[in-house]
Amino acid sequence: MPTDRLETIVIVGGGTAGWMAAAALSRFAPHLTVTLVESEAIGTVGVGEATIPQIRLFNAALGIDEGEFVRETGATFKLGISFDGWRRPGSSYMHAFGTVGRGEGLVPFRDLWLRGRALGIAKPTAHYSVNEIAARTGRMQPSGDMPYAYHFDAGLYAAFLRRYAEARGVRRVEGTVLSVEQKGETGEIASVALDGDRRIAGDFFLDCTGFRGLLIEGALQAGYDEWSHWLPCDRALAVPCTGGGDFTPYTRSTAREGGWQWRIPLQHRIGNGVVYSSAHWSDERAADTLLANLDGEPQGDLRPLRFTTGTRRRHWVRNCLAIGLAAGFMEPLESTSIHLVQSAIGRFLSVLPAGRPDPGIADWFNAQADFEWSRVRDFLVLHYHANNRHGEALWDDCRSMDLPDTLVAKIEAWRACGFIHREHEELFTEVAWFQVFAGQDVATRRWSPLADAMPEDGLRRFLSDIEAASAEAVRPMPRHFEAVQCIAQTRQGVAA
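For reference, each letter of the sequence shown is one residue, going 1021 to 1516 in the working numbering.
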């Protein structure tokens, strides 16, 4: 690589990760020559169809019109994730986006709620969340006041971003990578050799080759930290099915004996899948369970997926950065896969090298990635650990497993006094942790003594007023189906 200027970036692999990176580079680094190499013969995983609200920031930064996006990707709106059966069979709670209740002065709502629950006057958190009330009643008002994300067809989204990126100068090369060529003196990647005796050289490479990690692991041996002792599921089956009528504005995650099942409603279909532990369930049992719990007829065959949960020890090595599944895998329990792609792209753009990458910048990037991934891991592990599904081997094992020290600290602080601390810029907020702690009945011994200053009658009125205001905010909202149709029909075009 020239020491004075970075001119070419090669993205190896397409799919959602590759085309998100290509679109962002075409928008924010138009001075670079960007080439994306992918092969139609190599399929993409493409089962991640649910997102979190940050995806709206990514689309907005690209200048993508929401109506165009909704039409082109079959998108629906998402207000949260319903966790059915995670506390115990028959139970249900929601991790809803946005606020739950409101604080009073210096006292967070969760402390007032904890005191109210001890007094027997606080209802489940669902009653104090506008997003959850709207989700449960099938209503939606896409506006700046209501945090929301999307369900969309990942394949259609990748195709949409491909058109966007190619219109802005990204060159796509069809081909299969046969080998990775490195510079002898530095070990940096010089080029990738393709079928047909072709060679694509570049200054910097983005590895979007999925689980294979052809560049980051195959060539640069970044190493992999496995987390299967905390997240034991190692297989998945996915299949879409027909939908009908209105579609719910939330993702559903249903705990099963050997894992859990997802349900993601799109305009034209429902995405379904089951994530499970091969040590606790056979492939046949998982398939039978999935097919027995579909809303409609399956569209195609079951798609199997095998994975090892974890992350690369280094996401950025020399002149290569891994993005998406090449960087690691965490099951889609909280819809974080696409966000981790988005986050990596944003972080990379913030330190985009002008010439040869500085090792110190790569070290900083890797430290940030390690923090982000480990804190997302902790949040997922909490769902598994804090269960009351007794008599089922997987769930019994998860309740008794040793936890990461960082998660132990979170749980102990909550149990002691309902305290939740969001460290630095970890993805999930105090409200998110609160909803899972409360939803899965993780008990606390106390709450902040500041919450005791409110008289009991005052607390009763306070909670009742929030409940009434939340219900009233939802009452005039249109049905979710109507909101989708309105957005798709009235907003046109993609901004230049």
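We put the CB at the ideal spot given by N, CA and C, even for glycine. Predicted model only: the values in this text are computed from it and were never measured.
According to the DSSP assignment, Asp1417 belongs to the alpha helix (DSSP H) that extends over 1413 to 1420.
In this structure, Asp1227 is the residue among Asp1477, Asp1227, Pro1469 with its C-alpha nearest to the C-alpha of Leu1056. Non-local C-beta neighbours of Arg1135 in its own chain, meaning closer than 6 angstroms and more than five positions away in sequence, comprise Trp1467, Ala1471, ordered along the chain. Counting the other Cβ atoms within 10 Å of the Cβ of Met1350 gives 16 or more, which makes it buried.
Under the DSSP definition of a beta bridge, Phe1457 lacks any partner.
Judged by beta-carbon spacing, Glu1354 lies within the 8 angstroms limit of Phe1399, meaning their Cβ atoms are closer than that value. Take the alpha-carbon of Gln1362 and the one of His1403: they are about 24 angstroms apart. In this structure Lys1143 is exposed. Its beta-carbon is surrounded by fewer than 16 other beta-carbon atoms within 10 angstroms. Under the DSSP assignment, Phe1225 falls in the beta strand (DSSP E) whose first and last residues are 1224 to 1227. Taking the CA atoms as reference points, Thr1268 sits about 16 angstroms from Pro1167.
Only exposed fits Met1421, as fewer than 16 other CB atoms lie within 10 angstroms of its CB. The beta carbon of Ala1508 sits closer than 7 angstroms to the beta carbons of Gly1087, Val1090, Arg1091 from its chain, once the five residues preceding and following it are set aside; these are given in chain order. Residue burial annotation: Asn1313 is exposed, with fewer than 16 other C-beta atoms found within 10 angstroms of its C-beta. With a beta-carbon spacing of about 15 angstroms, Ala1037 and Leu1082 fall beyond the 8 angstroms limit used to define contacts.
Runs of the beta strand (DSSP E) lying entirely within the region 1306 to 1344 and spanning at least 3 residues, in chain order: 1323 to 1326, 1330 to 1332, 1340 to 1342.
Pairwise C-beta distances place the region 1355 to 1375 out of contact with the region 1251 to 1261, as fewer than three of them are shorter than 8 angstroms.
Between Ile1209 and Cys1340, the gap from beta carbon to beta carbon is short of 8 angstroms.
Less than 8 angstroms separates the beta-carbon of Thr1028 from that of Leu1052.
His1405: member of the alpha helix (DSSP H) spanning 1379 to 1405, first to last residue. Excluding five sequence positions before and after Ser1248, the CB atoms of its chain that fall closer than 8 angstroms to its own CB belong to Asp1254, Thr1328, Thr1329, Gly1330, given in chain order. Of the candidates Trp1282, Asp1321, Ala1080, Arg1025, the residue whose Cα lies closest to the Cα of Met1040 is Ala1080. For His1444, there is no enclosing beta strand (DSSP E), as DSSP marks it with neither H nor E.
By the 16-neighbour rule on beta-carbons within 10 angstroms, Asp1425 is exposed. In this structure, Thr1274 and Asp1416 do not form a Cβ contact; the two beta carbons are roughly 19 angstroms apart against a cut-off of 8 angstroms. Rounded to whole angstroms, the separation of the alpha carbons of Ile1031 and Val1337 is 15 angstroms. Closest in alpha carbon position to Ser1297, among Lys1098, Gln1241, Ala1413, Pro1260, is Ala1413. Take Gly1320, set aside five residues on each side of it, and the residues of its chain with a beta-carbon closer than 8 angstroms to its own are Val1259, Pro1260, in chain order. Of all C-beta pairs linking the region 1171 to 1189 to the region 1294 to 1308, fewer than three are shorter than 8 angstroms, placing the two stretches out of contact. As DSSP reads the structure, Asp1245 sits in a beta bridge with Thr1331.
Straight through space, the alpha carbons of Cys1506 and Asp1461 are spaced by roughly 39 angstroms.
Here the alpha carbon of Gln1281 sits roughly 6 angstroms from the alpha carbon of Gly1293. With a 10 Å radius around the Cβ and a threshold of 16 neighbouring Cβ atoms, Ala1387 comes out exposed. Using a 10 angstroms sphere on the CB of Asp1485, the tally of other CB atoms stays under 16, which defines it as exposed. Using a 10 angstroms sphere on the CB of Ala1095, the tally of other CB atoms reaches 16 or more, which defines it as buried. Beta-bridge partners assigned by DSSP to Val1057: Val1032, Val1193. The region 1144 to 1155 makes contact with the region 1107 to 1118: 3 or more CB pairs, one atom from each, lie closer than 8 angstroms.
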